[in-house]
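Peer 1: For the sequence shown, the working numbering assigns the number 1 to the initial residue and increments by one for each residue that follows.
Structure provided below as structure tokens; questions to follow.
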Amino acid sequence: MKETPITFEPYQISDFTWRVQKVNNWCGGSEIMIEMVDLDGCVSFGDTVREARSHLVESLQLWIKHYGDYSLPEIKEGAHIIYLDPPMEESEFNYINLELKKL
């Protein structure tokens, strides 16, 4: 089944490099996180890759609303790059929680 491109005119979420990782959530389970590498703080979460991907449109819209489209990197022609990171270790999750408690 071919998916139609998800767009936010004139940008498509596939215009940007993604980093995909399985991360722990606050309920003791795990979820998929997709981060747009060149857009600091533009992330999406979902129970599946498909769900996290579908939330990227809203993430991109909110990022552009906050930073402005002039802050977007130049869109490059070519292949869509996706980095697959290993799942988050429990020690990483615990470290992040400790740092958040300090805030």
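We put the CB at the ideal spot given by N, CA and C, even for glycine.
Assuming residue 43 and residue 34 form a contact by the criterion Cβ under 8 Å, report the distance between their Cβ atoms to the nearest whole angstrom.
Peer 2: For the purposes of this step, residue 43 is identified with residue 43 of the sequence shown, where counting begins at 1. For the purposes of this step, residue 34 is identified with residue 34 of the sequence shown, where counting begins at 1. Sure, about 7 Å apart at Cβ, within 8 Å.
Peer 1: What are the uninterrupted segments assigned as beta strand (DSSP E) that are 3 or more residues long and contained completely in the stretch 40-86, given in chain order?
Peer 2: Within the stretch 40-86, the complete beta strand (DSSP E) runs of at least 3 residues are 43-46 and 82-84.
Peer 1: Answer yes if the stretch 80-94 comes into contact with the stretch 18-27, meaning at least three C-beta pairs across the two stretches below 8 Å, and no otherwise.
Peer 2: A contact exists between the stretch 18-27 and the stretch 80-94.
Peer 1: If we count the other Cβ atoms within 10 Å of its Cβ and call it buried at 16 or more, is residue 59 buried or exposed?
Peer 2: Position 59 of the sequence shown, counting from 1, holds the residue named residue 59. So residue 59 counts as buried.
Peer 1: So is residue 63 buried or exposed if we call it buried at 16+ other beta carbons inside 10 Å?
Peer 2: For this step, residue 63 is matched to residue 63 along the sequence shown. Its Cβ being crowded by 16 or more others within 10 Å, residue 63 is buried.
Peer 1: Can you tell me where the beta strand (DSSP E) with residue 30 in it begins and where it stops?
Peer 2: Within the sequence shown, residue 30 is the residue found at index 30, counting from 1. Membership of residue 30 in the beta strand (DSSP E) is indicated by the continuous run 30-36.
Peer 1: Leaving aside the five residues before and after residue 25 along the sequence, list all residues of the same chain whose C-beta is less than 7 Å from its C-beta, in chain order.
Peer 2: Within the sequence shown, residue 25 is the residue found at index 25, counting from 1. Only 31 meet the Cβ criterion.
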